[in-house]
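J.: In my numbering, the protein residues as written are 254 to 633. For glycine and all other residues, C-beta sits at the position ideal for the given N, C-alpha and C. Computed from a predicted model, the values in this text were never measured in an experiment.
Structural data, given as structure tokens:
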């Protein structure tokens, strides 16, 4: 079996693009993967096209070999654009291998260690009351036992810090009062807080409402600062969505800077690389809660990872059962009682609708900057 073609399908869904990768073979078997939408998504497409010239003609079942070919053959250690390209291609190789052998990918990763994968969603909402109302609706619809919210009140970039902290406590209190004590609630400040001491103030203000984790409370670049913060924080600290490969996660784990790591399978190097990182985390008694804000293929890849990985806590999830997201996938995974059941189809068990993707073509997008009251640019 040889790779004979690699194609990309970029479709604009909501506020960003989804970048799908299709790897075809000379035996008529194809695989689907998903690269991260880092912003300049056509750059990711160009990287995938370039890597195609490296691996067309190769055996797609030699996944570790082809990963090393792409990663080690790059002039410098790859960053987000190249690693997104590598990740999307790598997913598709697993899909091909599973289909060729007639088994779901999780069977190739050691088999199932659980019967279902617990997932969580962010209900959104600008006010504490709206957040609580939307959370109850999601629990009613999907049976979630876990949720995640952003603690910052709307307009926080122009507020005094004391008002931001009070607003975060009000949001958490409203949600906890609405859903009761047994729903896990993650908090994601999105690395908006520059000073660790300010993040600690927020953590202490919300701690009485028993958050499940405090995600990226500070910027991820300084792992020593994260480690110092984690030692003082009364809430479990989660981070890792911005880190790549086993090499960067090694530093995070060695410094004991997180209780939960959140690697992104579309960004950090792919499925096998994430399995390696999870094994490293297991040796440090650290749980894994994969970062998963992308599309339905990303969710499928993460599900196979979670099925086969013992130290997974919960999976981030965006519903694929409505709107454009439902159109672009032939058959989405289904959430029942707050969980996704084990997929049983060969490969990843997910296929995109290429014609539907074409109906929503690529559109340029970028994250907006938070502008502080003095005109300086903050984090968002």
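Per DSSP, residue 401 is paired with what?
T.: Its beta-bridge partners are 439.
J.: Would you call the CB atoms of residue 610 and residue 370 closer than 7 Å?
T.: No, these two residues do not count as a Cβ contact at 7 Å.
J.: Could you tell me which residues DSSP puts in a beta bridge with residue 373?
T.: In DSSP, residue 373 forms a bridge with 569.
J.: Short of 6 Å in beta carbon distance, which residues of its chain neighbour residue 260, apart from the five on each side in sequence? Order them along the chain.
T.: Excluding positions up to five away in sequence, the list reads 275.
J.: When the distance is taken between beta carbons, is residue 464 closer than 7 Å to residue 492?
T.: Cβ atoms of residue 492 and residue 464: not closer than 7 Å.
J.: Less than 7 Å between the beta carbons of residue 327 and residue 335, yes or no?
T.: Yes, these two residues count as a Cβ contact at 7 Å.
J.: Under the assumption that residue 442 contacts residue 458 (Cβ atoms under 8 Å), give the Cβ distance between them as a whole number of angstroms.
T.: With a Cβ gap of about 12 Å, residue 442 and residue 458 do not count as contacting.
J.: Rounded to a whole number of angstroms, what is the C-alpha to C-alpha distance between residue 427 and residue 283?
T.: Distance between the alpha carbons of residue 427 and residue 283 is about 48 Å.
J.: Should residue 447 be labelled buried (16 or more other beta-carbon atoms within 10 Å of its own) or exposed?
T.: When all chains shown are included, residue 447 counts as exposed.
J.: So, at 6 Å on beta carbons, what are the nonlocal neighbours of residue 399 in its own chain, with the 5 sequence-adjacent residues on each side left out?
T.: Closer than 6 Å at Cβ, skipping near neighbours: 373, 437, 567.
J.: Which one or two residues does DSSP pair with residue 275 in a beta bridge?
T.: Its beta-bridge partners are 260, 285.
J.: Starting from the C-beta of residue 590, find all residues in its chain whose C-beta is less than 6 Å away, skip the five residues before and the five after it, and write them out in chain order.
T.: For residue 590, where only same-chain residues beyond five positions count, the Cβ hits under 6 Å are 396.
J.: Do residue 510 and residue 476 count as a contact pair if the criterion is CB distance below 7 Å?
T.: For residue 476 and residue 510, yes; Cβs fall inside 7 Å.
J.: On the CB-based measure, 16 or more other CB atoms within 10 Å of its CB, does residue 333 come out buried or exposed?
T.: Residue 333 is buried by the Cβ-count criterion.
J.: Can you tell me whether residue 541 is helix, strand or coil according to DSSP?
T.: Of the three classes helix, strand and coil, the one that applies to residue 541 here is strand, per DSSP.
J.: Three or more beta-carbon pairs under 8 Å between the segment 522-541 and the segment 477-485, yes or no?
T.: Verdict: no, contact absent.
J.: Looking only at C-alpha atoms, which of 526, 312, 605 sits nearest to residue 583?
T.: It is 605.
J.: What residue range does the beta strand (DSSP E) around residue 417 cover?
T.: It is not in any beta strand (DSSP E) - residue 417 instead sits in the alpha helix (DSSP H) that spans 414-432.
J.: What runs of the alpha helix (DSSP H), each 4 residues or longer, lie entirely inside the segment 317-348?
T.: Runs found: none.
J.: Quick check on DSSP: helix, strand or coil for residue 555?
T.: Reduced to three states, the DSSP call for residue 555 is helix.
J.: By Cβ distance, which residues of its chain are closer than 6 Å to residue 616, with the 5 residues on each side in sequence left out?
T.: Once the five neighbours on either side are set aside, the close Cβ partners of residue 616 are 265.
J.: Shortest alpha-carbon distance to residue 422 belongs to which of 462, 348, 613?
T.: Nearest of 462, 348, 613 to residue 422, Cα basis: 462.
J.: Please return the same chain residues whose Cβ sits closer than 8 Å to the Cβ of residue 581, not counting the five positions on each side in sequence.
T.: Result list for residue 581: 264, 266, 271, 548, 549, 605, 606, 609, 610, 613, in chain order.
J.: Excluding the 5 residues flanking residue 297 on each side, which residues of the same chain have their C-beta closer than 7 Å to its C-beta?
T.: Cβ within range, chain order: 272, 288, 291, 334, 337, 338.
J.: Taking C-beta to C-beta, are residue 366 and residue 599 nearer than 7 Å?
T.: Taking 7 Å as the Cβ cut-off, residue 366 and residue 599 do not qualify as a contacting pair.
J.: Tell whether a beta-carbon distance below 7 Å holds between residue 340 and residue 522.
T.: A contact, by the Cβ cut-off of 7 Å.
J.: Span of the beta strand (DSSP E) holding residue 584?
T.: Unbroken run through residue 584: none, as it is neither H nor E.
J.: Could you tell me the alpha carbon to alpha carbon distance between residue 561 and residue 627, rounded to whole angstroms?
T.: If I take the Cα positions, the gap works out to 49 Å.
J.: For residue 573 and residue 478, I'd like the C-alpha separation in whole angstroms.
T.: Distance between the alpha carbons of residue 573 and residue 478: 37 Å.
J.: What are the boundary residues of the beta strand (DSSP E) that residue 407 is part of?
T.: Looking at the DSSP string, residue 407 is not in any beta strand (DSSP E), and its letter there is neither H nor E.
J.: Who are the near neighbours of residue 563 in its chain, counting only those whose CB is closer than 6 Å to its CB and skipping five residues on each side?
T.: Contacts found: 366.
J.: Where residue 378 and residue 404 are concerned, what is the direct C-alpha to C-alpha distance, given to the nearest angstrom?
T.: Roughly 11 Å between the two C-alpha positions.
J.: When you compare each of 360, 537, 363 to residue 505 by their alpha carbons, which one comes out closest?
T.: Out of 360, 537, 363, 537 has the C-alpha closest to the C-alpha of residue 505.
J.: Below 8 Å on the Cβ atoms is my guess for residue 544 versus residue 569; work out the distance and round it to an integer in Å.
T.: Indeed they touch by this definition, with Cβ atoms about 6 Å apart.
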